[in-house]
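Chains as they are written, first to last, in this note's numbering: chain P, 10 to 485; chain U, 10 to 485; chain B, 10 to 485; chain R, 10 to 485.
There are 4 protein chains.
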Amino acid sequence: MRTQEQYLERLAKMKKNIFLGGEKIGRDDPRVVHASSAIRMTFELAENPEFESLLTATSHITGEKINRFTHIHQSTDDLLKKQELTRKLCHIAGGCIQRCMGCDMLNGISVTTKNVDLKHGTNYHENFLKFAKYFQENDLVGAGSQTDAKGDRLARPSEQWDPDQYLHVVERRDDGVVVRGAKLHNTMAPYADELIVVPTRMMGKDEGDWAIAFAIPADTEGVTLIAKEAFTRQREDNLKSPMSNIGDLECMTVFDDVFVPNERIFLNGETRFAGELALGFALFHRHSYTGCKPGIGDVLTGVTALLAEYNNTLKVEHVKGKLVDMICVAELVYAAGMAAAYKSTKAPSGTQVPNVIYANVGRRHAGHAIYHEAEILCDIAGGLAVTLPDSKEYNNPEIGKYVQKYVTRKEGVSPENCYRAYALAEDFLASELGATFLVAGVHGGGSPIMEDIAIWGTYDINKNINLAKNLAGIKD
Amino acid sequence: MRTQEQYLERLAKMKKNIFLGGEKIGRDDPRVVHASSAIRMTFELAENPEFESLLTATSHITGEKINRFTHIHQSTDDLLKKQELTRKLCHIAGGCIQRCMGCDMLNGISVTTKNVDLKHGTNYHENFLKFAKYFQENDLVGAGSQTDAKGDRLARPSEQWDPDQYLHVVERRDDGVVVRGAKLHNTMAPYADELIVVPTRMMGKDEGDWAIAFAIPADTEGVTLIAKEAFTRQREDNLKSPMSNIGDLECMTVFDDVFVPNERIFLNGETRFAGELALGFALFHRHSYTGCKPGIGDVLTGVTALLAEYNNTLKVEHVKGKLVDMICVAELVYAAGMAAAYKSTKAPSGTQVPNVIYANVGRRHAGHAIYHEAEILCDIAGGLAVTLPDSKEYNNPEIGKYVQKYVTRKEGVSPENCYRAYALAEDFLASELGATFLVAGVHGGGSPIMEDIAIWGTYDINKNINLAKNLAGIKD
Amino acid sequence: MRTQEQYLERLAKMKKNIFLGGEKIGRDDPRVVHASSAIRMTFELAENPEFESLLTATSHITGEKINRFTHIHQSTDDLLKKQELTRKLCHIAGGCIQRCMGCDMLNGISVTTKNVDLKHGTNYHENFLKFAKYFQENDLVGAGSQTDAKGDRLARPSEQWDPDQYLHVVERRDDGVVVRGAKLHNTMAPYADELIVVPTRMMGKDEGDWAIAFAIPADTEGVTLIAKEAFTRQREDNLKSPMSNIGDLECMTVFDDVFVPNERIFLNGETRFAGELALGFALFHRHSYTGCKPGIGDVLTGVTALLAEYNNTLKVEHVKGKLVDMICVAELVYAAGMAAAYKSTKAPSGTQVPNVIYANVGRRHAGHAIYHEAEILCDIAGGLAVTLPDSKEYNNPEIGKYVQKYVTRKEGVSPENCYRAYALAEDFLASELGATFLVAGVHGGGSPIMEDIAIWGTYDINKNINLAKNLAGIKD
Amino acid sequence: MRTQEQYLERLAKMKKNIFLGGEKIGRDDPRVVHASSAIRMTFELAENPEFESLLTATSHITGEKINRFTHIHQSTDDLLKKQELTRKLCHIAGGCIQRCMGCDMLNGISVTTKNVDLKHGTNYHENFLKFAKYFQENDLVGAGSQTDAKGDRLARPSEQWDPDQYLHVVERRDDGVVVRGAKLHNTMAPYADELIVVPTRMMGKDEGDWAIAFAIPADTEGVTLIAKEAFTRQREDNLKSPMSNIGDLECMTVFDDVFVPNERIFLNGETRFAGELALGFALFHRHSYTGCKPGIGDVLTGVTALLAEYNNTLKVEHVKGKLVDMICVAELVYAAGMAAAYKSTKAPSGTQVPNVIYANVGRRHAGHAIYHEAEILCDIAGGLAVTLPDSKEYNNPEIGKYVQKYVTRKEGVSPENCYRAYALAEDFLASELGATFLVAGVHGGGSPIMEDIAIWGTYDINKNINLAKNLAGIKD
């Protein structure tokens, strides 16, 4: 297992292929390092006794102690621990912990590679196990790369005016394949060691070139990472906070004729399994959301309650009612994730798979609620969430006293603490990072409408219809 | 364990003290027998191999096999089984299974009697165990009697213009107490063997006379049961359905100077525990709701989907979306109940107690959703839910053919099946029983605002505030 | 203009063709008379000085003073008065005023008959004017008959397995046509003088037989009215209330080869206008809903507030908040109706036509809110809405005292008044009439999804797209 | 009437008293000029024939043609024009038009000064008329300054630990008063000519020093403007858009012992009228919101529809349904504003006052909906709203081609237009200005809970209670 320093050192050695703010930059760029704070936490806390039992696991491949974010879940307990771990880390990170995506990708691939092999006599699961062993032993960070550009949303991959709108194989060689396309919304790819790529949807029988899954180092020849930064508001040093250190780089990851060697391929043309793999990753990822969404919800509830406390409105009935609303969102989503773990099943690969209905029901509820949670924070915080004077004004020798005097709320709370509380609300409601949390809250891991589809596709509605028929006295 | 015949025979022998429709009736009145159908099912299915493992348990008092509805939960598994059992029985009953209330009351009392004894050196838990043994051995049915009339809702029990608005002790004797008051919304009391009575709220130090809990036979001298019937629409025989056999009697249970012997008293003046007992019963009952609300939700989803199938609209996007909405309500509530079981704890009495937050979060979500579920059924069913001609018209030799012709929907479904499907929708949307399900869905076991209060009172909001303070860099 | 006695007398003379409760009955049956109470009010109050200016108008055909429910709107003021009138009558009727439907039908037909004539050189508008004159002079009551049985909802009228699932012409004669089919959810048809029939949807070019509109007396040969009653709960005489007198008969109106003479035909095969007429009636009817839904909403708000007052919870924050919710629904819907009137336009026929967007937006908001309004009433009323003992128990010499004692709420309000308040809540939440209000609130005049379609079909979304393009600097 | 150049010139001559980004700046600072774009539009378009009739009015004081934003409404038509004007300007400004606030303040003051004079024989209305004449003749821009810092929200102004938490008089002189305090969320104050100050709430009898209203130039001695900028994302020149020119400066306006001469005082100690004035301004401002919220809603609907068009999902049922949701919000709010105008009344001052219920119902609906509208835009736009590569990457000679290729959606829409559409979504969902729109959408003009209070305080709930009593047969 690595330290965060080792993680950063390895990144620094990688080939420059990131573009940000008009420049081509290396992974030692301060913005990349800043954005990696949540990931670094997953290394740092693995040594912390409070987190060790959650953050580490025993590899089912090597029997070694590994970081849980590289683990293939073997039991209900593994799933419960992943969920709990995610919630707790989000409490400290103030938002997305970012490293779950690669882990969820590995787990999804573990299941489908086995299933493809069983059906087609292929060798993908061996490829997977070899890769997973390497990943675990080197304590790597993987970026799950799934969402294609998609072009015309009513056209299938093979029907697009530009076939690259979905990533696909453009050349087949004895030693591997060459792929072209792009993966969008590729969170944290700029500070990942590996890119783990899977299809974004079901494929038709004639769409074998689009049914491709693989993993490659993030600085592979032909890969370009077009990054987009999302940070909190800048503050002067004396008003910086742990939240100031949080950040995120989103990414448009372009594959311009990238070679993928055979041993790194996990699916290649077995169209029937493209959808299974797409949904398989989504399932593990939605289960992760039943940990992180409550975690972020807890934080949003906390910011809201903190401002209510400082304004002295924590006892007001409608304020309490709105806080209970937020609590209930978090706990319902968490309960759904627990249920998904308790009702999980074992795949042929041995991987423990969360229950589809509960994982989706939980993620969907979170997705439907996130803007409402922001609305409540906005409601209770009041206008200062956007009108708070900048920290430069706070520190201004001429008029800083005014800022300090008029942001202060109830007696006994210092101006600085009041300012810090409002600044935190501003970070959530009015910073680029806050906006990213909201959009990710809706779309990350699949928008609510995708969960609708997953639930409707899995749920046995005929059982309910039969309950009704029995009660109605209908005999078919 | 009794058969349903034995249950009815015992009822028939009880003293007449029920009033219904202007008459004083016995428990062999056909309306009472009709309404008891759900209870009877709990006897009948106990012998059914499919239900036996759910419907029976081993008494922790006697070690004997007992009906689970008389059991004191000893483990997480007991709580999970109660939840699952409740959902499954509701599938068959088409609604409230009714017998959980007495069971939840016993469990609540098991916990508090022990706690009072530990604090005050009293003997209530022995009373309880003796009563529970008798209850289990005779496989009895108990009506949980909690909600007082309450009078002026802003006045405390001792401040009421009429002190009887909350049931209280009016006389103390060596061998027991005499009580006066009424318990409202006392579902199924007319076909219960025993009334189990607890306070409805917290009591102040000077409200010892209102801090009273006990159990007595339902035909005890001084007890009057003023019943109110709720049945589905009447249908002619050939169009009757299992749903036609379902019913409910609600009850205003009046205690006009009723003597309660010492051995049947579970709380008597220890005001500090009145609230614990009120909430304790509510907690077990809210956990039961995490089983029955999904059960009823499954049925409502089934009726809705059945009508969509017959109308040939089951593939229409907004119809599917609304069905998914209903599915998600049921599964989120069920997940919360599972979480409450998995996060349950053992009370000093040995009783397994569901987690307060999860049980309340689940019940609350169900309570907020029930009218919306009815709205969806109404939306998909269309106007026939209230304009469906009566079964007499269906059977009319002159114009029955018209009814049959014009209630028929897609080809291949018989007129009778179409009629039956709409009749079932009508039972839910436009019968007295359907109305009772809606109102009970909001208020039964405590209205959503009561869950708000329970959640706010239990949840540690300071933990969230501290998360926010940490992120904001606030050091107190 | 007629008195209510004259109205009833004319009904009594009509041929028996109503079926209810297994019998064939005349229009002097007590249930028919009971159900006609709202209609009767429209005659009675026309003489009341307070209502006269609203309830009467000047015929644009004859210049005579007529009942406004027979009037063809000629101005914005006419539309505003219709809306205000409807709201005020609903306050007294406690629900649907029922007579607007025929009026809305006349107005819709006035517009389309002219448009068809202008396009096809037909003579329908003359037919219409002749009929309208007769209707006004005799102060008639018309039942708008629109909704067909519809069979398979994904099949067009001409594709149905049974062609009668949509009413259509089965024979064409020199002097008229013969029609077959049924109109469902045909509110108040059993106590209407005339049936006014229009298509329920757009028709294809080959569906000329289904593009038929006409008016005939309700007891025409071949017409059968299969009625369905919806009344409030029965109460003993001393507890009857104005609400006890309210009722409704819904109807399945069957046309089994009914002859319609040429002069009563308003559309016959001009398929292109079938949809216009269907939507035209709907438009006037949705505008009526912007009057009645606020009216019923005012009543529901009143019942809720009354119970809060009696329980002494009218000052509690969440109670006030919920009442404000209800107020806002009513006033937003009413405002939309006012806007529809102020933005109305004149059709070629001279009829004043409400704005499509505002009428639909208003009706849709009401439709989405009605179950939520019931939920709030249920929430504030509490369980007694379904557990209230019957009036026979209230009057029982032995135990009536208990009922009276324990339904009483705050000091100073008599037991009878408390009982009456709860009984009213029960009428809305748990009677057949209350259920009908809810279902009609969703579906009457077109379910919310129909308003979605009307709004989307009318609204110029490209104007909004162009606003966005301008702001984005997009030049096509 | 001024040109925008004259407006800017006058600003440039004002004394430097603005602080922004750590500096003390003048009103010719580019950020101030940038932020004033919406205000400048109100000068520029007054000469545009399309807007002239809306943007100008005839002064009731001088009879001269004036900018409508300086007008005192004299008729229903004035109110309707203000509403329509506001909506149309927001279409072009892409958001808040900013100049309504000063206008609403003038109108509120016109009413209350007259009422105070009538009651107390004071001279405030003359002060007002003189100021209004000067304001109109010089075509000035006023910043409405109302919201105090408020400190402890449960303490009254006179009970605060710091009396300056509400602005108040600290010294009384013969020629005027000296005031101290601050007004927060003081939108556009940095580019206003005048500050118009009123109380933020009702005052108690002993709070005369807080019952103070006046107008002074924004650069008066002792006034400090602590500004906070809110702009859209920065783009390179070739990708700038009209939206790039929009902006806003919020402000904490500090009054540190500022002298106000007698002739500029509109209220001074008449505590009973402090609340009237606070609510009076709010009423006019909430009516303005019934114009601007639909205007911004139209734009949000447009951005959403534009992205759906480019993605080719404009025909998908759930997308249409969500767009209809947005349309309905805008039109319901607009209808409420129209109703407020049509039901307006004339105050003793001659000012036309919108109906309180309708103005509040409309504003409240908008406030409850704004986050939901953003959610829909986010839902339909997808993740690119936050992951869109920066314009520098779009223009990058090495990898710009990738950005252009993979942001392109359906065939036939250029990469630039696709990019521009997503950039606009980003401006709304993920820029500081977008965040300001959301927070202002909730709180501007009073949060929804303030409208609850205004509605509850105005609405005659007893009328509804009496409707219910009549129906229940209750005679008091």
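Even for Gly, the Cβ is constructed at its ideal location relative to N, Cα and C.
To the nearest angstrom, how far is it from the Cα of residue 220 of chain P to the Cα of residue 283 of chain P? Locating residue 220 of chain P in the first sequence gives position 211, where the first residue counts as 1. Locating residue 283 of chain P in the first sequence gives position 274, where the first residue counts as 1. Going from the Cα of residue 220 of chain P to the Cα of residue 283 of chain P covers about 5 Å.
Using DSSP with H/G/I as helix, E/B as strand and the rest coil, what is residue 245 of chain R? Residue 245 of chain R sits at position 236 when you count from the first residue of the fourth sequence. Looking at residue 245 of chain R - three-state DSSP - the assignment turns out to be coil, as it is neither helix nor strand.
So, is residue 420 of chain P buried or exposed, given that buried needs 16 or more other C-beta atoms within 10 angstroms? For this step, residue 420 of chain P is matched to residue 411 along the first sequence. Its Cβ having fewer than 16 others within 10 Å, residue 420 of chain P is exposed.
May I ask you to list, following chain order, the residues of the region 19 to 30 of chain U that have a beta carbon less than 8 Å from some beta carbon of chain B? 28, 29, 30
The beta strand (DSSP E) with residue 106 of chain U in it runs from where to where? In the second sequence, counting from the first residue as 1, residue 106 of chain U sits at position 97. That residue, residue 106 of chain U, is in no beta strand (DSSP E); it is neither H nor E in DSSP.
When the Cα atoms are used, what is the spatial distance from residue 87 of chain B to residue 368 of chain B? Position 78 of the third sequence, counted from the start, is the residue given in the question as residue 87 of chain B. Position 359 of the third sequence, counted from the start, is the residue given in the question as residue 368 of chain B. For residue 87 of chain B and residue 368 of chain B, the distance between alpha carbons rounds to 15 Å.
Closer than 7 Å, Cβ to Cβ, to anything on chain U: give me those residues from the region 308 to 319 of chain P, in chain order. 308, 310, 311, 312, 314, 315, 318
Out of curiosity, what's the CA-to-CA distance linking residue 118 of chain U and residue 245 of chain P? The residue you call residue 118 of chain U lines up with position 109 of the second sequence. The residue you call residue 245 of chain P lines up with position 236 of the first sequence. Answer to the nearest angstrom: the Cα atoms are 59 Å apart.
Which chain P residues are close to residue 384 of chain B, counting only those with a beta carbon under 7 Å from its beta carbon? For the purposes of this step, residue 384 of chain B is identified with residue 375 of the third sequence, where counting begins at 1. Simply none; closest approach about 16 Å.
Where do the N-terminal and C-terminal ends of the beta strand (DSSP E) with residue 221 of chain P fall, by residue? In the first sequence, counting from the first residue as 1, residue 221 of chain P sits at position 212. Element bounds for residue 221 of chain P: 221 to 226.
Would you mind stating whether residue 43 of chain R and residue 458 of chain P have Cβ atoms separated by less than 8 Å? Counting from one through the fourth sequence, the residue named residue 43 of chain R turns up at place 34. Counting from one through the first sequence, the residue named residue 458 of chain P turns up at place 449. Not in contact: residue 43 of chain R and residue 458 of chain P (Cβ atoms no closer than 8 Å).
In angstroms, rounded to a whole number, what distance separates the CA positions of residue 189 of chain U and residue 139 of chain U? Position 180 of the second sequence, counting from 1, holds the residue named residue 189 of chain U. Position 130 of the second sequence, counting from 1, holds the residue named residue 139 of chain U. Whole-angstrom Cα-Cα distance: 25 Å.
Between the alpha carbons of residue 6 of chain P and residue 217 of chain P, how many angstroms are there, rounded? The structure shown does not extend to residue 6 of chain P, since chain P spans only 10 to 485, so no value can be given for it.
Comparing the C-beta of residue 426 of chain U with each C-beta of chain P, is any distance below 8 Å? Counted from its first residue, the second sequence places residue 426 of chain U at position 417. Output row for residue 426 of chain U: interface = yes.
Report yes if the C-beta distance between residue 260 of chain U and residue 208 of chain U is below 8 Å; otherwise report no. In the second sequence, the residue the question calls residue 260 of chain U occupies position 251. In the second sequence, the residue the question calls residue 208 of chain U occupies position 199. Taking 8 Å as the Cβ cut-off, residue 260 of chain U and residue 208 of chain U do not qualify as a contacting pair.
Every unbroken alpha helix (DSSP H) within the region 326 to 397 of chain U, with a cutoff of 4 residues, ordered by chain: 326 to 351, 365 to 390, 393 to 396
Kindly say whether residue 44 of chain U, judged by its beta-carbon, lies nearer than 8 Å to any beta-carbon of chain B. Residue numbering aside, residue 44 of chain U sits at position 35 when the second sequence is read from its first letter. By this cut-off, residue 44 of chain U is not an interface position.
Taking residue 366 of chain U as the reference, give the member of P:341, P:363, P:375 with the closest Cα. Looking up residue 366 of chain U in the second sequence gives position 357. When each option's Cα is compared against that of residue 366 of chain U, the closest is P:341.
When the cut-off is 8 Å and only beta carbons count, does residue 326 of chain P lie next to chain B? Position 317 of the first sequence, counting from 1, holds the residue named residue 326 of chain P. Yes, residue 326 of chain P counts as interfacial toward chain B.
Euclidean distance between Cα positions of residue 390 of chain R and residue 158 of chain P: Reading the fourth sequence from its first residue, position 381 is the one you call residue 390 of chain R. Reading the first sequence from its first residue, position 149 is the one you call residue 158 of chain P. In a straight line, the C-alpha of residue 390 of chain R is about 13 Å away from that of residue 158 of chain P.
Could you check the C-alpha separation between residue 89 of chain B and residue 67 of chain R for me, to the nearest Å? Translated into the one-based positions of the third sequence, residue 89 of chain B becomes position 80. Translated into the one-based positions of the fourth sequence, residue 67 of chain R becomes position 58. Residue 89 of chain B and residue 67 of chain R: Cα-Cα distance of roughly 30 Å.
Which of the three DSSP states, helix, strand or coil, is assigned to residue 297 of chain P? Position 288 of the first sequence, counted from the start, is the residue given in the question as residue 297 of chain P. Correct three-state label for residue 297 of chain P: helix.
Measure the CB-CB distance between residue 145 of chain U and residue 71 of chain U and report whether it falls below 8 Å. For the purposes of this step, residue 145 of chain U is identified with residue 136 of the second sequence, where counting begins at 1. For the purposes of this step, residue 71 of chain U is identified with residue 62 of the second sequence, where counting begins at 1. Yes, the pair counts as a contact, with Cβ atoms nearer than the cut-off.
Under 8 Å, do residue 30 of chain R and residue 399 of chain P count as touching if we go by C-beta distance? On the fourth sequence, residue 30 of chain R is found 21 positions in, with the first residue counted as 1. On the first sequence, residue 399 of chain P is found 390 positions in, with the first residue counted as 1. Yes, Cβ-Cβ distance for residue 30 of chain R and residue 399 of chain P is below 8 Å.
Going by other Cβ atoms of all chains shown within 10 Å of its Cβ, with 16 needed for buried, is residue 318 of chain P buried or exposed? Start at 1 with the first residue of the first sequence, and residue 318 of chain P comes out as number 309. Its Cβ being crowded by 16 or more others within 10 Å, residue 318 of chain P is buried.
Cβ-Cβ distance between residue 330 of chain R and residue 461 of chain B below 8 Å: For the purposes of this step, residue 330 of chain R is taken as the residue at position 321 of the fourth sequence. For the purposes of this step, residue 461 of chain B is taken as the residue at position 452 of the third sequence. It is a contact, given that the beta carbons lie within the stated cut-off.
Assuming contact is defined by CB atoms lying nearer than 8 Å, are residue 151 of chain B and residue 205 of chain B in contact in what I supplied? Along the third sequence, one-based indexing puts residue 151 of chain B at 142. Along the third sequence, one-based indexing puts residue 205 of chain B at 196. The answer is yes: Cβ separation under 8 Å.
Taking Cβ-Cβ distances shorter than 7 Å, what residues in chain P pair up with residue 167 of chain U? Taking the first residue of the second sequence as 1, we reach residue 167 of chain U at position 158. The premise fails here: residue 167 of chain U is roughly 24 Å from chain P at the closest Cβ pair, so nothing lies under 7 Å.
Sheet register partners of residue 65 of chain B (DSSP bridge): Reading the third sequence from its first residue, position 56 is the one you call residue 65 of chain B. Per DSSP, B:76.
For the beta strand (DSSP E) containing residue 182 of chain B, list its first residue and its last residue. As a first step, residue 182 of chain B must be located in the third sequence, where it is residue number 173. Segment 177 to 182, the beta strand (DSSP E) holding residue 182 of chain B.
Give me the residue from U:121, U:154, U:79, U:347 with the minimum Cα distance to residue 51 of chain U. Here residue 51 of chain U refers to the residue found at position 42 when the second sequence is read from its first residue. The shortest C-alpha separation from residue 51 of chain U is found at U:79.
Can you find at least 3 beta carbon pairs, one from the region 299 to 309 of chain R and one from the region 374 to 391 of chain R, that sit closer than 8 Å? yes
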